[in-house]
Structure formats: structure tokens, C-alpha cells
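Here's the structure, in C-alpha cells; my notes come after.
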Amino acid sequence: MSDADGTWVSLFSGGKDSLWALYRALETGRDVSHLVTVHPTGDSYMYHVPATELAALAAESIGIPLIDVEPDDFEAAAAADSGAQGDDELEPLEAALTDLDADLEGGIAGVTAGAVESEYQTSRIQGMCDRLGCELFAPLWQEDPRELADAMLEADFEIAIIQVAAHGLDESWLGRTLDHEALEELEALNEEYGVHILGEGGEFETLVVDGPHMDRQIGLEYEKEWDGTRGRLRITDARLE
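For the numbering used here, add 1351 to where a residue sits in the sequence shown, where the first one is 1.
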């Protein structure tokens, strides 16, 4: 379906992992023509959920066109088990990429994804790429989490924590910048509670507000919502500065 003349598409949530995958794709000379953001409703086994509406600002700052896959496309997502739900959640994304593949001259050469350790996500995305006849570029896959986090900071990623849901992560983490001090604390929480340093298990979610492939920083205004064990930022204003 695709050939070497095609362009790349990045799965893009606005979070650190998908932006790192895009950054590495660009650094390695892949021609990324489109970003694709999936906006799931409720909890999702496949996708980053919070604040996906801010992905459009990040895409504008990066300067690559964004395609949205909207909640209305998830009619069959409430399946009986997690495996079936993951398959159902993949369908609207695959349909959008199939359409894009047909529209692009040369088709889709490959897809980038920010998965670190989730076999659940990666196997499904790999299967989708196999059906589309394109490559999968997953530069975070099976890499050391601390080394990945350090590499992001060394590349001048500015990462805000926008949601937390794990033992040891209290209200003070909401809105905090993921810096070297925060990583040291996360390593301690990993030893004590098993918190994943990159939040791979949903312990926390992030938004990249600035990076080397972004022309303008994202400015945020927000209120904290905290229920005693978990919380999130309710974004009241977001803009490119």
C-alpha cells in the first residue's frame, strides 16, 4: 500500500512520549507530514486521555498539520473485556490512517508511536501498521525509563504534569515541571511503591509545553482538582506565547 516515497505520520497526544517519538523521527530524517490525535471518551486502554484538546496548540507550534479522530468515532469502544475494547478503540484510528494513506502521494511510509513498555498498545499498533503496509517507529520501546527521561530533559523538553493517580503522588505534583529533581523523587517512589518513572502505568500524565521542535511555548492557566487520592489540572486557558 505504501512505498519508500511516502511520508510518516505521528500518533500525537501532546504528552512527552508521543512528542519524543516525533522528535526522534525528525532527528533521524523521517519526513513527518501529519500528526494524528485520538480524543477518547472516558477511560481508554489504548490512548493518552487528559487534555488531548491541547494537542492542536502543540501541533501549531511544531508546524505540522493535525488530524483529529473524535469521540463520535468510538461507538463500539465499550466492549466486554480489555482486549476487545483495545481492538475497538483502534478501529477509528485505523480508518483515519487508511483514508490518509489513500490521499497521500506515495501513501504512508510509517507511523511513530510513544509506547515504552505496553505490549498491549504496541502489538495492536504493529498489527495496524502491518495491515497498512507501513513501518512502525517506536524509539522509546523497551528503553530504560530514566535514560529516556534524562534524554528528554537534555533535549530541552519542558514537561508539565497534568494528572496524577498513584501512591506517593499528592496534589503538589499537579502542574509541576518534570525536571531532574522530580525524577530523583520518582525513582524513590518507584522503589517504595512501584511508580513508573515515566508514568507508563497511568501513574501520571504529561503535557509538553516547550521543546526543540516547537517554535512557541504553550502557556497554561489552570485550577487543581484533587479528590484525596488522585487529581488533574482543569485547564482554564491555554495559548501559544
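Yeah, the Cβ is synthetic: ideal placement off N, Cα and C, and Gly gets one too. Given the structure is predicted, the values throughout are model-derived calculations rather than measurements.
Check	Outcome
Which listed residue (Glu1538, Gly1519, Phe1508 and Asp1521) has its alpha carbon closest to that of Thr1528	Phe1508
Selection from Ala1589, Thr1587, Ala1460 and Arg1583 that minimises the alpha carbon distance to Gly1553	Arg1583
Cβ-based burial, Lys1575 [other Cβ within 10 Å; buried from 16]	exposed
Cβ-based neighbour list, Leu1448, same chain, cut-off 8 angstroms, excluding 5 preceding and 5 following	Val1360, Val1387, Ile1459, Val1462, Met1479 and Leu1483
Cβ contact check for the segment 1360–1371 and the segment 1553–1564: 3 or more pairs under 8 angstroms	yes
Paired residues, beta bridge with Trp1593 - DSSP	Residue 1593 lies beyond the residue range present for the chain, which begins at 1352 and ends at 1592; the question has no answer from this structure.
Interface flag, Gly1478 vs chain B, CB-CB below 8 angstroms	In the displayed structure, chain B is absent; only one protein chain is listed.
Rounded C-alpha distance that separates Glu1505 from Leu1444	32 angstroms
Buried or exposed (CB count within 10 angstroms, at least 16 for buried), Tyr1544	exposed
Boundaries of the beta strand (DSSP E) in which Thr1587 is found, first to last residue	Gly1582 to Leu1591
Straight-line gap, Gly1414 to Trp1524 (C-alpha atoms, nearest Å)	30 angstroms
Euclidean distance between Cα positions of Gly1357 and Glu1456	7 angstroms
Short Cβ contact (8 angstroms threshold) for Leu1487 with Ala1464	yes
Under the three-state DSSP convention, the category Glu1486 falls into	strand
Cβ shell of Glu1421 (< 6 angstroms), same chain only, five flanking positions each side left out	His1390
Burial state of Gln1493 (16 or more Cβ within 10 Å)	exposed
For Phe1492, three-class secondary structure by DSSP	The amino acid at residue 1492 is misidentified as Phe; the sequence shows Trp. It is coil, neither helix nor strand.
Cβ-Cβ separation, Ala1409 to Ile1569 (assumed contact under 8 angstroms), whole Å	7 angstroms
Identity of the residue in Val1467, Ser1384 and Glu1411 nearest Trp1371 by Cα	Val1467
Cβ separation of Leu1405 and His1564, assumed to be a contact under 8 angstroms, to the nearest whole Å	With a Cβ gap of about 16 angstroms, Leu1405 and His1564 do not count as contacting.
Neighbourhood of Arg1381 by C-beta, 6 angstroms cutoff - its chain only, sequence neighbours within 5 removed	Trp1359
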